[in-house]
Each structure stands twice: as structure tokens, then as C-alpha cells.
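> After the C-alpha cells below, expect a handful of questions from me.
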Amino acid sequence: MKSRFQGMRALATGVAAGAMTAFLGGAALAEDLVGQPTPGAIDLQPGVTPLRHDAIFFHNMILMPIITAITLFVAALLIWCIVRYNKRANPVPARWSHNTVVEVVWTLVPVLILVFISIFSFKLLFAYHDMPKPYMTVKATGYQWYWGYELPDQKIPEFVSNILPEDQAKAKGVPYRLAATEPLVVPVNKVVRVLVTGADVIHAFAVPSFGIITDAVPGRVNETWFKVEKVGTYYGQCRELCGVDHAFMPIEVRVVTQPEFDAWVASKGGGKPAPTPTTLSAAATPAGAPNAAAAGQPAAATAPENPAAPAAASTAKPAAPAATTTQPAPQAPAAH
Ligand SMILES: [Cu+2]
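So the sequence shown is residues -30 to -1, 1 to 306, counted in mature numbering (1 follows the signal peptide of the UniProt record, and there is no 0).
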């Protein structure tokens, strides 16, 4: 199945390349930039993930030829009717109506076309849905108007990724409105799960060269994944109109080798996942205070300032375990 799919892909690529050459009159095509748009380019941004390759194949080799053929066919029919059956060419029109054969054909053919498209469409949808076992998880949160990235597996708390100001982008030679102050860094050839949510309004996490676009909806966590085949820097943008600075919250993903990734994790103060989750002892809850976690505060932040709290020791409920995604909480001192 796989080889047949690839064989079809090779065949379709050849046909499309021939058509493209004819269309452009043999003009030399400039090499597309990878990971960012190319000025004046035709076609989709080149892909660096399996999903993106399949999406490009689906668009360029399945959908485009079909819609082109349909458009040419309908245009030809129109022209034929206009030329052959106008008042001068055909002064006495035929009086018949209904033709069973034609009606069956114009019902059946579109159905068959849609069934053919759906085979490839569903295959692609399932591929998006069937994430392989992820190496790591990234939580991407959309804010008005920047992105926050958190790497719970590496114990890296959320950090903010803002747009890189124009003068700095120029100085560094990176694309303004695509480059970020703090890129998201991930290892090459590893499955990365992305959990996407919004903090205020709906945003969307989109990186064209990865072939992903996922809505960031407040109060809801959406999931997508990618596996990048090539080391490099890839850019994306918020893809849901989210307010006045919608165009100024770019996504920059830097894909690096595993040793470089480990070094980056270390530089961010991250590490390997801890074997047991951090919990707080009952004594950490100040007397009379409601559950610290419920109060919406990092529980551990207040604990060292209230070491005694003798009354609380017997009455307070054990505090909820700290959320697994927050920074490791310092151990609360013992009550006695
Ligand atoms: Cu946005």
C-alpha cells in the first residue's frame, strides 16, 4: 500500500512537473525558502514533516488536477452551448426535456469524484489523528498578543515568546513579524505533541511547513503533533483573528539535534522528569486559609512564610498536589 502510494506520488509528481513547466513556459523556478514564505512564490510552503508532505500531495496531486479538469469541462460546455445553440446558429430549439442517461451520469460522476477524494482525505485525517508515541509535550498558550510555551516533560515552566522588534530582526537578519524573542526549541526527528489552548480569546497555532493549524480556545485543550525531518528554523503565525495585535504574535520553532536540545533544556533550568510528583504537607496550609491551591496561588509560594500554623495541622485538609505543570515546589517545613 505504501509503495503503491509512493508510486502514485512519483507518477503524479512527474505529471504535475510537466504541466508546471508548460504553464510557466520553462521559466526557472527560484528555490523556495524553507520554514518561511518566499516572496513571489507559487505553490505551498515546502514541508518538513510527514503530515505536511501528505497534505501537499493531497492538494497538488489530487485536488488541483480534479478541480482543474472540472473547471475546464464546465467552461467547455458553456462555450459549446453559447456557440452551437445561440439564436442565430440554432433558430428552432428542440422541444424535448429529460434524458435518463444524462441525469444518471451527472449524478453518479460527482458522487464517484467525491468518493475518490474522500479516500485520500480520510487517510490524511487519520494520519493527523493517529499520533505516534510522543517523545515530549509542548503546551502552547495563546495570549493577547504573544505565545507562552511550557515543556512539562523537561520541567521547563512557561516562558513567553514575543515578537522580535523590527530593528533587532533587521540586525540579526531574521524575518520581522515571524521571528520571536524566545523560540520554541525541539529536537529533530522526534514526535512532539502540542497541546494548544487560549488564555483570553481564540487564537490558532499554525506552522505551515509542519502542516499544522490548531485552534487555541480558552477553557479547552486541543492536540496536534509534528515530527520534523530537518534541523532548521521554522516560522508560523497566529491564524485566528484575535484582536488588534493579531499580526504581531509570531511562532518561531527552532529544530535542533538532540545534544543541542539537551543543552538548551539545561540552560532553561530543565531536566529529566522527576519520579514522583511534588506534594505539599498539611502544615503548609496557613490556619483559617482556604485550600491554597484553590485560592489560585502557587501554594508553595506562601508556605515558607507560615511555618508554624499549629492549628492547621489537625484541621486543615491536605492541600491538593501542585499542578504537574508548575515549577517544582520547595518542600514545606515540618509542623513541629
Ligand atoms: Cu492570536
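Backbone N, C-alpha and C fix where the C-beta goes; we use that ideal spot for every residue, glycine too.
For Q138, does the three-state DSSP call read helix, strand or coil?
The answer is helix: DSSP assigns Q138 an H, G or I state.
> Locate the beta strand (DSSP E) running through Q6, then write down its first and last residues.
Q6 -> no beta strand (DSSP E), and no H or E assigned at all.
> Can you name the residues that DSSP bridges to Y146?
None, per the DSSP bridge assignment.
> For H173, count neighbouring C-beta atoms within 10 Å of its own C-beta (all shown protein chains included) and say buried if the count is 16 or more, exposed if not.
H173 is buried by the Cβ-count criterion.
> From G168, F96, D100 and I126, pick the residue whose C-alpha is nearest to that of Y108; which is it?
According to the sequence shown, residue 108 is Val rather than Tyr. Looking at the Cα atoms, I126 is the closest of the given residues.
> Could you check what DSSP says for I49 in three-state terms: helix, strand or coil?
Three-state result, I49: helix.
> Taking its Cβ as the centre, do 16 or more other Cβ atoms sit within 10 Å of R65, making it buried, or is it exposed?
That one is exposed.
> Can we count E210 as close to ligand 1, meaning its CB is less than 7 Å from some heavy atom?
Flag set: Cβ of E210 near ligand 1.
> What are the partner residues of D24, as DSSP defines its beta bridges?
Per DSSP, none; premise fails for D24.
> Taking 7 Å as the cut-off, does the CB of G206 come closer than this to any heavy atom belonging to ligand 1?
Checking the Cβ of G206 against ligand 1 gives no.
> If you reduce the DSSP assignment to three classes, tell me which class P157 lands in.
Correct three-state label for P157: strand.
> Identify whether Y98 lies in helix, strand or coil by the three-state DSSP scheme.
In the structure shown, Y98 sits in a helix (DSSP, three-state: H, G or I).
> Relative to the C-alpha of F180, which candidate in T194, G189 and D170 has its C-alpha closest?
Nearest C-alpha to F180: T194.
> Cα separation between L154 and V223?
Each residue's Cα considered, the two are about 5 Å apart.
> With burial defined as no fewer than 16 other Cβ atoms inside 10 Å of the residue's Cβ, what is the status of C212: buried or exposed?
Buried.
> For my contact list, G143 and P178 are in at a C-beta cut-off of 8 Å; report their separation, rounded to the angstrom.
Contact doesn't hold; Cβ gap of about 21 Å is too wide.
> Return the residue from the list V198, Y119, V74 and E199 that minimises the CA-CA distance to F175.
The candidate whose alpha carbon is nearest that of F175 is Y119.
> If you drop the 5 nearest sequence neighbours on each side, which residues of the same chain put their C-beta closer than 6 Å to that of Y146?
Closer than 6 Å at the Cβ level, and outside the excluded window around Y146, lie E136 and A139.
> S127 lies in the beta strand (DSSP E); which residues open and close that run?
Looking at the sequence itself, residue 127 is Pro, so the reference to Ser does not match. Here the beta strand (DSSP E) through P127 covers I126 to S131.
> Going by Cα to Cα distance, which pick from G240, I12, V75 and D2 is closest to D123?
Comparing Cα-Cα distances from D123 to each of G240, I12, V75 and D2, the minimum goes to G240.
> Please list, in chain order, all residues of the same chain as A150 whose beta carbon is under 8 Å from its beta carbon, the five residues on each side excluded.
Counting only Cβ-Cβ distances below 8 Å, and skipping sequence neighbours, we find W117, S131, N132, I133, L134, P220, I221 and E222.
> Could you name the residues of the same chain whose beta carbon sits closer than 8 Å to that of V226, not counting the 5 residues immediately before and after it, in chain order?
Taken in chain order, the residues that qualify are V155, V156, P157, V158, V201 and W234.
> On the DSSP bridge assignment, give the partners of Y113 in chain order.
In the DSSP output, where bridge partners are listed per residue, Y113 has Y116.
> With DSSP collapsed to three states, give me the class of H68.
Reduced to three states, the DSSP call for H68 is coil.
> Looking only at its own chain, which residues have a Cβ that is under 6 Å from the Cβ of V18, when we skip the five neighbours before and after it?
So the qualifying residues of the chain are S179, V198, E199 and K200.
> Does at least one heavy atom of ligand 1 sit under 7 Å from the Cβ of G112?
Indeed, a heavy atom of ligand 1 lies less than 7 Å from the Cβ.
> Just verifying my parser: in three-state terms, what is the DSSP assignment at Q207?
Three-state DSSP puts Q207 in a strand.
> Would R209 and I183 qualify as a contact pair, given that the criterion is a beta-carbon distance under 8 Å?
Yes. Within cutoff.
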